[in-house]
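*Asks:* In UniProt numbering, the protein residues as written are 1 to 519.
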Amino acid sequence: QVIVKSMGCVILAPLLNEVVKKAKGLDQYQAAITHLTRTCRPNELLDCMLEIIEGIDPGAISETILALLPHLQSLLRLDEGKAACVGSTLSALQKQLSRLPVPYTEQQEEADEYGLCRCSAALTVFTEPFVEEVKRTDGNCAATAEDEELKIELLKCMRSLREPLLEAELKHDRRSPLWLFAVEIMVTLSAIKEPLPELLFFSSLRENILMDNNQFKEARACLAYLLFVQLITIDNFPAVFHVFILQCNMEYISHLLSKKESHLLKGLALFTKSLERVQDNSLPVSLLDLKSFYSNLRRVLTDCPIQHLRESGLQVFQVFINKLDAEAKHKFFCMLKTSNHAGIESYIIKNIRNQFELSMKWGNANEWFLGTEFISLMTLVLCLPQGAQTDLLSSMDVMESLNLLRYVLIRDEELRTNEDVWEELCRIKEEYLKMLRVCISISRAYYSSELKALREDQKLKAKARDAARPTKLVKSITVRKEKVSNMSPEVQHQVLQSALVTFDLMESLIVRIEEITEE
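(1) Helix, strand or coil for Leu-283 per DSSP?
(2) My understanding is that Ser-359 touches Leu-382, with C-beta atoms under 8 Å, so please give their C-beta distance in whole angstroms.
(3) Considering only DSSP beta bridges, list what Lys-171 is partnered with.
(4) List the DSSP bridge partners of Leu-324.
(5) Near Lys-135, which residues of its chain fall below 6 Å by C-beta distance, leaving aside the five closest residues on each side in sequence?
(6) Does the distance from the C-beta atom of Glu-153 to that of Val-86 stay below 8 Å?
(7) Thinking C-alpha only, which one of Gln-94, Leu-46 and Leu-178 is nearest Gln-108?
(8) Check whether the Cβ atoms of Glu-63 and Val-20 sit closer than 8 Å, and answer yes or no.
(9) Grouping DSSP H, G and I as helix and E and B as strand, with all else coil, what is Asn-354?
(10) Write down the C-beta distance between Cys-222 and Leu-166 rounded to the nearest angstrom, noting that I regard them as a contact closer than 8 Å.
(11) Along the alpha helix (DSSP H) that carries Tyr-407, what are the first and last residues, could you check?
(12) Does DSSP put Glu-345 in a helix, in a strand, or in coil?
(13) CB-CB under 6 Å to Leu-205, same chain, minus the five flanking residues each way: which ones, in chain order?
(14) Below 8 Å on the Cβ atoms is my guess for Glu-424 versus Ile-375; work out the distance and round it to an integer in Å.
(15) On the CB-based measure, 16 or more other CB atoms within 10 Å of its CB, does Ile-11 come out buried or exposed?
(16) CA-CA distance, Ala-445 and Leu-496?
(17) In angstroms with no decimal places, state the Cα-to-Cα distance between Glu-357 and Pro-305.
(18) Following the continuous alpha helix (DSSP H) through Ile-375, name the residue where it begins and the one where it ends.
(19) Counting contacts by CB-CB distance shorter than 8 Å, is Phe-201 in contact with chain B?
(20) Once you ignore the five residues that flank Val-438 on each side, which residues in its own chain have a CB closer than 7 Å to its CB?
(21) Would you kindly work out how many angstroms separate the C-alpha atoms of Gln-28 and Asn-17, rounded to a whole number?
(22) Just to confirm, are Val-316 and Phe-369 a CB contact at a threshold of 8 Å?
(23) The alpha helix (DSSP H) with Pro-42 in it runs from where to where?
(24) Under 8 Å between the Cβ atoms of Lys-429 and Leu-405?
(25) Does the distance from the CB of Ile-513 to the CB of Leu-409 come in under 8 Å?
(26) For the alpha helix (DSSP H) containing Pro-70, list its first residue and its last residue.
(27) Flag this pair as yes or no: are the beta carbons of Ala-92 and Phe-181 separated by less than 8 Å?
(28) Between the beta-carbon of Val-229 and the beta-carbon of Leu-283, is there less than 8 Å?
(29) Is Arg-480 helix, strand or coil by DSSP?
(30) How many Å lie between Lys-217 and Gln-318 at the Cα?
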C-alpha cells in the first residue's frame, strides 16, 4: 500500500493506455485506476492526469478524456482545496476539446466520428457535483472564500461557448448533443447565480481570469445568441429596455459579422432578434457610432460568396433602416452613399426616396428629408466621384439617382416654400446633369468603338488578327468584377450593346428632367 501511494502515479499512464485501447480485462484496468485515486497523494495524481491530458495523442483525444473524466471527478471531490484544481482541469480539458472537428450536419452529430458530442456530455456530468456544491453554499450565508473561488473557476465553462458552440449549428427544434451541451452551460451559469446582464453588458473583473479579451468577446457573443435567439434561460433575464439590449448587442453582432459562415449566421440571427421588439423610427443617431459594424455589414452584403447569407443580410439591413429615427436615417444614408458599390447605393437611394415621400405627407415633415439637411444628402446622391471619367456602369447607380431627382422635381411643392433650399437643389441639379452629359458622351464613344471592333473581329474570324490586338480597349472594361475580354464574343456583344442602351435611357431621363424643370 505504501509503495502504491508513493509510486502509483508511474503506472497511471500505462493503465490508461490499456483502457483507451479497450484491451482485454478492461474492468480490471478501470478498477486499478480507481484504486490509485483512493490511495495516491491527490495533488501528485492530479498533476499526473493533467500531464496526460496535455500530451494526448491527436488521434485519441476523445477516448482518453472519456476514460479519465470519471476518475478526475472522484479525485477532485476528495480534495478539500478543490477550486483551483477544478479550474485547471476544466482549462486542460477544453483546450483538448477545441482540437476536435465540430460536426455540422445531423448525420455527422449522430455518427460523432471524433467524439466531440460524447465528450461534451461527459464534461457536463463531470461538473455537476461542483455546481451542486456551489448551489448549496449560495443558500448558506457563511459561504467561504473557497466557495467563491470554486464559483469563479466554474465560469471557465464559458470557454465552451466559444469552442465548440460558436462553430456548431444550434437549433431549438433539433435537440442535438451540442444543443443540450449549450443548454447545460446556460443552466450552470444560472445555477451558480452568475448575473447574465453583468456577463453580457458590463466589463467584468473576471474577464482576465477566464480568457483573453477577444476570446471572451466571442464567448459572450455566443451567450447573447443562446439567450436572445434560442431563448435558453431567458426567463432568468430581467426585463430590460429593448433599445438598450440592441445597443449592448451591437458589439457582438459586429464581431460575428466579421467572421466565417457559422459566425455570420449567428450574427444575423442575433441582429434580427435584437431589432424585433424595437419600435420603428425610434433608434437614436448615437447607435451609429460603432463604425466597424457598418463596414462588416457592408462586407456581408457585397463580398459574401454565399447567396442566402447575402439575402438574409439585406432583409435585416432594411429592418434596421426602418427602426432608425429621421436623423439617424439621414446619417446612415450619408455613410453608405459613399460606399462606391452600385448595389448598396441603389438600395440607399430608393430608401431616400421613400423617406422624402413620407416627409411630404401631412404630419410627417422633418428637416432631415425636406430642409437643408436633405440638400446635403442630395449633394452626395447627385455626384460623379471621378468627374467625366466616372465608370457609369460599375461605380454607382446613375439611373436611381436620376429617378430620385425626377421624383423630387415632380413633388416640389414643399421644397419651393424654402427659396434657399430650392435654389441650391437647382444648382446641384444643373452641375450634375452637365457633367453627366459629358460623361455619357465619352462613355458612348468608348463603348461604340469597342462594339465596332468586336463586330469586325467576328466578321474576319482571324486568329492572327486577335493576336495582333494585344491591347484591346475591351480589356479594361469590367462588369460585375468579370473582365469583358474573358467572356465569349456573343456575351461581349450583349454587354456592350446593353451599355449603349443604358446610356440612351440615361439621356432620356435627363431630357425628361429638363422638361419638368421648364414646366
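The beta carbon of each residue, even a glycine, is placed where N, CA and C say it ideally should be. No experiment lies behind these values; they were computed from the predicted model shown.
*Replies:* In brief:
(1) In the structure shown, Leu-283 sits in a strand (DSSP, three-state: E or B).
(2) Your pair Ser-359 and Leu-382 does not check out as a contact, with CB atoms roughly 18 Å apart and the cut at 8 Å.
(3) Answer is Arg-174.
(4) Leu-283, per the DSSP bridge assignment.
(5) Apart from the 5 residues on each side of it in sequence, Lys-135 sits with its Cβ closer than 6 Å to the Cβ of Ala-191 in its chain, given in chain order.
(6) In this structure, Val-86 lies closer than 8 Å to Glu-153 by Cβ.
(7) Out of Gln-94, Leu-46 and Leu-178, Leu-178 has the C-alpha closest to the C-alpha of Gln-108.
(8) Yes.
(9) The answer is helix: DSSP assigns Asn-354 an H, G or I state.
(10) 5 Å between Cβ atoms; contact.
(11) For Tyr-407, the enclosing alpha helix (DSSP H) starts and ends at 398 to 410.
(12) Glu-345 falls in the helix class under three-state DSSP.
(13) Any answer about Leu-205 is weak, because its pLDDT of 47 lies below 50 and its placement is not dependable; what the coordinates show is given next. Counting only Cβ-Cβ distances below 6 Å, and skipping sequence neighbours, we find nothing.
(14) At roughly 5 Å, the Cβ-Cβ gap stays under 8 Å, so Glu-424 and Ile-375 are in contact.
(15) Exposed: under 16 other Cβ atoms inside 10 Å.
(16) Cα to Cα, the separation comes out at about 11 Å.
(17) Inter-residue distance for Glu-357 and Pro-305 is about 35 Å (C-alpha atoms, whole angstroms).
(18) Where Ile-375 is concerned, the enclosing alpha helix (DSSP H) starts and stops at 372 to 381.
(19) Included in the structure is just one protein chain, with no chain B present.
(20) Contacts found: Ala-388.
(21) Straight-line spacing of the CA atoms in Gln-28 and Asn-17 works out to 13 Å.
(22) Cβ atoms of Val-316 and Phe-369: not closer than 8 Å.
(23) Run containing Pro-42: 42 to 54, per the alpha helix (DSSP H) assignment.
(24) Leu-405 sits close to Lys-429, with the two beta carbons spaced by under 8 Å.
(25) Contact: yes.
(26) Judged by DSSP secondary structure, Pro-70 falls within the alpha helix (DSSP H) whose first and last residues are 61 to 78.
(27) No; because the gap between Cβ atoms is not below 8 Å, this pair is not in contact.
(28) Between Val-229 and Leu-283, the C-beta spacing is not below 8 Å.
(29) Confidence in Arg-480 is poor, its pLDDT being 46 and thus under 50, which makes the residue's placement too unreliable to answer from.
(30) One C-alpha to the other measures close to 27 Å.
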